[in-house]
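A quick write-up on the structure given underneath.
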Amino acid sequence: MVFEEVVVLSSPFAEAVEAVKAALAEQGFGTLTEVDVAATLRAKIGKEMAPYVIVGACNPGLAGRALDIEPQIGVLLPCNVVVRETEHGVLVEAMDPGMMATLVDRDELSPVADEARRLIGDALTSLAD
498 MVFEEVVVLS SPFAEAVEAV KAALAEQGFG TLTEVDVAAT LRAKIGKEMA
548 PYVIVGACNP GLAGRALDIE PQIGVLLPCN VVVRETEHGV LVEAMDPGMM
598 ATLVDRDELS PVADEARRLI GDALTSLAD
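Heads up: the sequence shown begins at 498 in the numbering used here, then just goes up one per residue.
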């Protein structure tokens, strides 16, 4: 998996999740989903793990353009950003949106992916401690 960027935060986990959502919002992304993976695995299979949340972010303008080009791109949306607690701090990781364009093999998606990559990168960069 190719990551756009990895940022390590020293803030408490819950604050980091909120900061990630706010940084994404500043770049035009809304939060479509927030999956508490740690809580889900604890409830479903009794697995204990460090806090781990997946934020499903969507920039409506970019999503609309991508869907116009390739309706099947919806299986790859939204852009997922992982926020997870580690011994080194709270890691924030995002997949490179260019992977979506590569998977569907449509060159016309490259400009959309490039813009999404820039905006997500800007959001994560703004979080750096």
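The C-beta atom is built at its ideal place from N, Cα and C for all residues, glycine as well.
- Sequence-distant Cβ neighbours of Arg581 in its own chain, meaning closer than 6 Å and more than five residues away, are Tyr549 and Leu588.
- Note that the segment 613 to 624 touches the segment 520 to 530; at least 3 beta-carbon pairs, one per stretch, sit closer than 8 Å.
- Distance between Glu512 and Cys576, taken at the CA atoms: about 21 Å.
- When DSSP states are grouped into helix, strand and coil, Asp611 belongs to the helix group.
- For Arg539, there is no enclosing beta strand (DSSP E); the residue is found in the alpha helix (DSSP H) stretching over Val534 to Ile542.
- Contact annotation, Gly586 with Ala610: C-beta distance approximately 29 Å; criterion of less than 8 Å not satisfied.
- Judged by their CB atoms, Glu545 and Arg603 are not nearer to each other than the 8 Å cut-off.
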